[in-house]
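Below: one structure, written as structure tokens.
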Amino acid sequence: MIATHLPVLQVAVPLIAAPVCVLLRRGNYAWAFTTVVCWGLLAIAALLLDQVMSGGTISYRLGGWVPPIGIEYRLDGVNAFVLLILAGTAALMMPYARETVEREVRPGRQHLFYAIFLLALTGLLGITATGDVFNIYVFLEISSLASYVLIAQGQRRRALTASYQYLIVGTIGASLILIGVGFLYAKTGTLNIADLAVRVPALGETPAVLAAFAFITVGVLIKLALFPFHVWLPNAYAYAPSMVSAFLAATATKVGAYMLLRFVFTVFGIHFAFETLPLTEILLALSLIAVLAGSLVAVFQTDLKRLLAFSSVGQIGYLGVGIGLASVTGVTGALVHVFNHALMKGGLFLAAGAIACRLGATDLSALHGLGRRMPFTMAAVVIGGLGLVGVPITAGFVSKWYLVQAAFEEGLWPVALFVLAGSLIALAYVGRVIEAAYFRAAPPDAEPVREAPWAMQLSTWAMIAGSIYFGLHTDLTVGIAERAAAALLGGAP
Amino acid sequence: MEALTHANYWAAIVLAMIGLYAVIAPSNLIKKLIGLGMFQSAIFLVYITAGKVEGGTAPIIDAAYGVYSNPLPHVLILTAIVVAVSTLAVGLALTVAIKRDYGTVEEDEIDEQDRR
Amino acid sequence: MTEHLVLRVISKLLIPPILLFALYVQMHGDYGPGGGFQAGVIFAAGLVLYGLVFGTAAVRAVAPPRLLVVIACLGVLLYAGVGVASMIGGGAFLEYGALSADATHGNHVGIIIIEIGVGIAVAAVMTIIFSVLAEWR
Numbered sequence: 001m002i003a004t005h006l007p008v009l010q011v012a013v014p015l016i017a018a019p020v021c022v023l024l025r026r027g028n029y030a031w032a033f034t035t036v037v038c039w040g041l042l043a044i045a046a047l048l049l050d051q052v053m054s055g056g057t058i059s060y061r062l063g064g065w066v067p068p069i070g071i072e073y074r075l076d077g078v079n080a081f082v083l084l085i086l087a088g089t090a091a092l093m094m095p096y097a098r099e100t101v102e103r104e105v106r107p108g109r110q111h112l113f114y115a116i117f118l119l120a121l122t123g124l125l126g127i128t129a130t131g132d133v134f135n136i137y138v139f140l141e142i143s144s145l146a147s148y149v150l151i152a153q154g155q156r157r158r159a160l161t162a163s164y165q166y167l168i169v170g171t172i173g174a175s176l177i178l179i180g181v182g183f184l185y186a187k188t189g190t191l192n193i194a195d196l197a198v199r200v201p202a203l204g205e206t207p208a209v210l211a212a213f214a215f216i217t218v219g220v221l222i223k224l225a226l227f228p229f230h231v232w233l234p235n236a237y238a239y240a241p242s243m244v245s246a247f248l249a250a251t252a253t254k255v256g257a258y259m260l261l262r263f264v265f266t267v268f269g270i271h272f273a274f275e276t277l278p279l280t281e282i283l284l285a286l287s288l289i290a291v292l293a294g295s296l297v298a299v300f301q302t303d304l305k306r307l308l309a310f311s312s313v314g315q316i317g318y319l320g321v322g323i324g325l326a327s328v329t330g331v332t333g334a335l336v337h338v339f340n341h342a343l344m345k346g347g348l349f350l351a352a353g354a355i356a357c358r359l360g361a362t363d364l365s366a367l368h369g370l371g372r373r374m375p376f377t378m379a380a381v382v383i384g385g386l387g388l389v390g391v392p393i394t395a396g397f398v399s400k401w402y403l404v405q406a407a408f409e410e411g412l413w414p415v416a417l418f419v420l421a422g423s424l425i426a427l428a429y430v431g432r433v434i435e436a437a438y439f440r441a442a443p444p445d446a447e448p449v450r451e452a453p454w455a456m457q458l459s460t461w462a463m464i465a466g467s468i469y470f471g472l473h474t475d476l477t478v479g480i481a482e483r484a485a486a487a488l489l490g491g492a493p
Numbered sequence: 001m002e003a004l005t006h007a008n009y010w011a012a013i014v015l016a017m018i019g020l021y022a023v024i025a026p027s028n029l030i031k032k033l034i035g036l037g038m039f040q041s042a043i044f045l046v047y048i049t050a051g052k053v054e055g056g057t058a059p060i061i062d063a064a065y066g067v068y069s070n071p072l073p074h075v076l077i078l079t080a081i082v083v084a085v086s087t088l089a090v091g092l093a094l095t096v097a098i099k100r101d102y103g104t105v106e107e108d109e110i111d112e113q114d115r116r
Numbered sequence: 001m002t003e004h005l006v007l008r009v010i011s012k013l014l015i016p017p018i019l020l021f022a023l024y025v026q027m028h029g030d031y032g033p034g035g036g037f038q039a040g041v042i043f044a045a046g047l048v049l050y051g052l053v054f055g056t057a058a059v060r061a062v063a064p065p066r067l068l069v070v071i072a073c074l075g076v077l078l079y080a081g082v083g084v085a086s087m088i089g090g091g092a093f094l095e096y097g098a099l100s101a102d103a104t105h106g107n108h109v110g111i112i113i114i115e116i117g118v119g120i121a122v123a124a125v126m127t128i129i130f131s132v133l134a135e136w137r
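Protein chains in written order, with our numbering: chain E, 1 to 493; chain C, 1 to 116; chain F, 1 to 137.
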């Protein structure tokens, strides 16, 4: 019986767990409870993915109302895959959370931190699971509001201004999506994604549909932080608490990519977006600028967390390239990169947090000689960094391989060149970190530093080991992503 | 006359533009939040207008009436209003915390302090 | 504002009808205009008016923040609890009809409980937002 309710449990369980965390009142209890919940969510996500892979699309009727009148949770290969990424990231980060939250969050507020973390997770899972466009807006705002609060918990006061900036930009982005959804509803009288997928292409090129497309695309790009809408991202990731930087870097922009896929491919249809409108050209241009500009700016950062944040701006560009190419190989590459980048960037931000926990700073100058002083953590940074570059046997290689291949299939070899150039620039910024940690001697008066606590290393290494494992064994990720991409492009929702 | 039948939509466009300007132009953080509120209200106006059915009455079933306005946009906007209120609350709480830590709510002065 | 006699008297006259009207809107939410959101906000408006005129310490005495936090959480849990109960009853999440053998009766019960959950959560949260922002120095 419980198996039929899994789609709604995926979203309802963290929503119910959040107020329970508030009532628990103790940081430690709330941590233990959140850990159990997150691993339970991972189990649910794995079962759902298995159901979808073996039995096809799952539809769950909320409140028993028949879609398209009622709200429907609709799971196909794409969102079941993203659900697994979200729940997996949250579960793997829980051992880490306890150490860092105890250090970085005020004692009376730790249980509230976990409650808001669960709400952010609820929002992200909800956006992914739902089959209703207005629900996407509501869950988007739940996750965004929770993220603003989480980012503001950073120790430096700049976390507050970073969070405020994100709040303004994020709310405008979500409002634009709301306008677009309003136009779609006014024109079609439905909010159900599967129903919209039938009715919107039938309307053709009416002004209302064009306006809806423009509003929704821009709103989603703001949430995805694709160049030139990335302004909020670097500060938000750099000044948030370590746990929050890692979690948001691994999940929030990935859900943005999912929303872009869902709206462009399912709701508006590939024909409308890429043949009637020049979305390929626009997305490719913006994405390639993001790849180059984001990576170049990362080279000149003096702080590890800011460097990683700008590298995220560049890596989001790769997602845009894959989606913009609008071919099965391209979308496969983007989906695989969503998975791989979540592992790599999550692991890297966790390692940066571990360094911050022992050194109290993440300036590159503070990293001098750290290769000897914190060997395990720095090794994780190196492996994760090589993944960002796209060195073979790391996961980053797999996704870039597919993107380059997709570019050649379309005959767009300059795109492939840009992707490779982005990798070279990534080598430059990763090289700067390696140089600081391994080729510069520690200052003689440096205080002795211990390795990071084992729980923090466990989470960091779980993510990094995952990025190696999925670099060697690509059957699982690529297999699922290929099927999902084929389903998206085939037009069948 | 065509323009007058769409008076609500024109009002929404003007309101949204004023709101967007008020988010971007002033350096006072509270004024930005006010602008954000106006921008969101403009969207609410679009939805509510679209839900009006010509000659329809309030959507409460009664034997005396046959035509009702569409209640769904009202419900959607009720949810969106709750979201807007929550956003405003978080924004104000952040502003209060910024005032506590920086001693000011003027953006240029905050930037000045950050640059130091 | 405690020294303004007119304000004090008028608000003392107004606050009880405001709270009563909130309860009216709450209880008519299942078959008329109204419901938990509106009722919660009206109720909180009464408390906010009380706080504006008599000071936030007075609100704190009537509704201690720790209690409000518990009420807000219970409101959410009440809502979600109806969803879980309807799943146990054999329906989908939030399918109120499954709460009782008679679907119409189940719908009635489900909506009333949900509206109460929404109402107390909204009233508590709005009061918390007001007092936290008003007392922050």
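Built from N, CA and C at the ideal position, the CB exists for glycine as well.
Whole angstroms are fine: how far does the CA of residue j sit from the CA of residue i?
{"i": "V52/E", "j": "T89/E", "result": "20 Å"}
{"i": "V313/E", "j": "F215/E", "result": "22 Å"}
{"i": "I497/E", "j": "L72/C", "result": "Here chain E covers residues 1 to 493 and nothing more, so residue 497/E does not appear."}
{"i": "P493/E", "j": "A72/F", "result": "Residue placement at P493/E is flagged as unreliable, the pLDDT there being 38, under the threshold of 50; a coordinate-derived value is accordingly withheld."}
{"i": "Q113/C", "j": "L233/E", "result": "21 Å"}
{"i": "I177/E", "j": "T266/E", "result": "16 Å"}
{"i": "Y47/C", "j": "G471/E", "result": "48 Å"}
{"i": "N79/E", "j": "L112/E", "result": "29 Å"}
{"i": "A290/E", "j": "Y438/E", "result": "29 Å"}
{"i": "G491/E", "j": "V328/E", "result": "With a pLDDT of only 48 at G491/E, under the threshold of 50, the placement of this residue in the model should not be trusted, and no figure is reported."}
{"i": "M1/C", "j": "A7/C", "result": "Bear in mind that the predicted position of M1/C carries a pLDDT of just 47, short of 50, making it too unreliable to give a figure here."}
{"i": "G89/F", "j": "I113/F", "result": "16 Å"}
{"i": "A43/E", "j": "M17/C", "result": "47 Å"}
{"i": "A50/C", "j": "I43/C", "result": "11 Å"}
{"i": "W413/E", "j": "G330/E", "result": "14 Å"}
Give a yes or no on whether 8 Å exceeds the smallest Cβ distance from residue i to chain F.
{"i": "L15/E", "result": "yes"}
{"i": "L167/E", "result": "no"}
{"i": "P414/E", "result": "no"}
{"i": "P448/E", "result": "no"}
{"i": "I60/C", "result": "yes"}
{"i": "A64/C", "result": "no"}
{"i": "L84/E", "result": "no"}
{"i": "P19/E", "result": "yes"}
Which residue marks the beginning of the alpha helix (DSSP H) containing residue i, and which one marks its end?
{"i": "S59/E", "result": "First-last for S59/E: 58-61, but that is the beta strand (DSSP E), not the alpha helix (DSSP H)."}
{"i": "E104/E", "result": "77-104"}
{"i": "M27/F", "result": "5-27"}
{"i": "G510/E", "result": "Because residue 510/E is not part of the residues shown, which for chain E are 1 to 493, the question remains open."}
{"i": "V381/E", "result": "375-389"}
{"i": "L277/E", "result": "That residue, L277/E, is in no alpha helix (DSSP H); it is neither H nor E in DSSP."}
With respect to the beta strand (DSSP E) encompassing residue i, which residues constitute its N-terminal and C-terminal limits?
{"i": "I96/F", "result": "Checking the sequence, you will find Tyr at residue 96/F rather than Ile. Taken as a continuous stretch (DSSP letters only), Y96/F belongs to no beta strand (DSSP E), as it is neither H nor E."}
Are the C-beta atoms of residue i and some chain E residue less than 8 Å apart?
{"i": "Y9/C", "result": "no"}
{"i": "I110/C", "result": "yes"}
{"i": "V90/C", "result": "yes"}
{"i": "L94/C", "result": "yes"}
State yes or no: is the beta carbon of residue i nearer than 8 Å to at least one beta carbon in chain C?
{"i": "L68/F", "result": "no"}
{"i": "L133/F", "result": "yes"}
{"i": "P65/F", "result": "no"}
**Prompt:** Between the region 230-252 of chain E and chain C, which residues of the former have a C-beta closer than 7 Å to a C-beta of the latter?
**Reply:** Cβ contacts with chain C: none found.
**Item:** Contacting positions in the region 277-306 of chain E - beta carbon closer than 7 Å to chain C
**Value:** Contact residues of the region 277-306 of chain E toward chain C are absent (C-beta to C-beta distance below 7 Å).
**Message:** What are the residues in the region 32-63 of chain E lying within 8 Å of chain F by C-beta distance?
**Reply:** Y60, R61, L62, G63
**Prompt:** Just by C-beta distance, which residues in the region 114-131 of chain F are closer than 8 Å to chain E?
**Reply:** none
**Asked** Counting Cβ pairs closer than 8 Å, one from the region 47-66 of chain E and one from the region 229-244 of chain E, do we hit at least three?
**Response** In this structure the region 47-66 of chain E does not touch the region 229-244 of chain E; the number of beta carbon pairs closer than 8 Å is below three.
**Prompt:** Between the region 186-217 of chain E and chain C, which residues of the former have CB atoms less than 7 Å from a CB of the latter, in chain order?
**Reply:** Answer in chain order: A186.
**Prompt:** Using Cβ-Cβ distances below 7 Å, what residues of the region 78-96 of chain F are close to chain E?
**Reply:** A80, G83, M87, G91, A92, F93, L94, E95
**Asked** Do the region 370-380 of chain E and the region 440-449 of chain E make contact, defined as three or more Cβ pairs closer than 8 Å?
**Response** Yes, they touch.
**Members of the region 17-32 of chain C near chain E, C-beta cut-off 8 Å** = L20, V23, L29, K32
**Request:** Check whether the region 91-104 of chain E touches the region 8-22 of chain E, taking contact to mean three or more Cβ pairs, one atom from each stretch, closer than 8 Å.
**Result:** no
**Residues, ordered as in the chain, of the region 130-163 of chain E that lie near chain C by beta-carbon distance below 9 Å** = F134, Y137, V138, E141, I142, S144, L145, Y148, V149, A152, R157, R158, L160, T161, S163
**Three CB pairs or more closer than 8 Å across the region 334-341 of chain E and the region 304-322 of chain E** = The region 334-341 of chain E, when compared against the region 304-322 of chain E, does touch it at the 8 Å Cβ threshold.
**Asked** Looking at C-beta atoms only, is the number of pairs between the region 102-120 of chain F and the region 57-76 of chain F that lie closer than 8 Å three or more?
**Response** yes
**Prompt:** Is the region 414-428 of chain E in contact with the region 277-297 of chain E, if contact means three or more CB pairs nearer than 8 Å?
**Reply:** yes
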